[in-house]
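Below is one structure, written out as structure tokens; the observations come after it.
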Amino acid sequence: MVGFLAFTVLGGVWFAVLFPKAYNRSLGRDPDAKPEPSPLFFAGPALTCLVITITSAILMDAENIAGYGNALLFGLTVGAGYLAANTVNIAINPNFPRPLLYAAISGGYNILGSLIVSLILQAFGGR
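Take the sequence shown: its position 127, counted from the start at 1, is 157 in our numbering, and no numbers get skipped.
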């Protein structure tokens, strides 16, 4: 639960505080545009963070990930190899006016989030 909460809070800070203007530019919006608040806007990202956290916990257990070094390697592998790579794949279509900027912002969030989740999972239930 702690990993899920950390990942979710990181998303709010990442996109609303650290990179809101760049994120808007990556989507072709005015840099100062504000998102439309809706249930999906709030629940969607949190739900995906929960799924990623649960999946990481299952995989770390199945792979017998032990120690913080291995947890970091796992987090980097999942973050870069799956989450960020998939973000790039999603971004390189005609609907994203600045796909590489979008991929850098969202991919960076996913890599850092995966590292944090993996460290927290190791701290609270690791071997």
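Backbone N, C-alpha and C fix where the C-beta goes; we use that ideal spot for every residue, glycine too.
Taking 8 angstroms as the threshold (C-beta atoms), are residue j and residue i in contact?
i           : j           : result
residue 107 : residue 75  : no
residue 121 : residue 127 : no
residue 146 : residue 77  : no
residue 52  : residue 131 : yes
residue 79  : residue 45  : no
Here's the rule: buried if 16 or more other CB atoms are within 10 angstroms of the residue's CB, otherwise exposed. What is residue i?
i           : result
residue 31  : exposed
residue 98  : exposed
residue 136 : buried
residue 73  : exposed
Comparing alpha-carbon positions, which option in the options lies nearest residue i?
i           : options              : result
residue 114 : 125, 92, 87 and 144  : 144
residue 117 : 127, 102, 99 and 139 : 139
Take every Cβ of the stretch 70-86, pair it with every Cβ of the stretch 132-151, and state whether three or more of those distances are shorter than 8 angstroms.
yes
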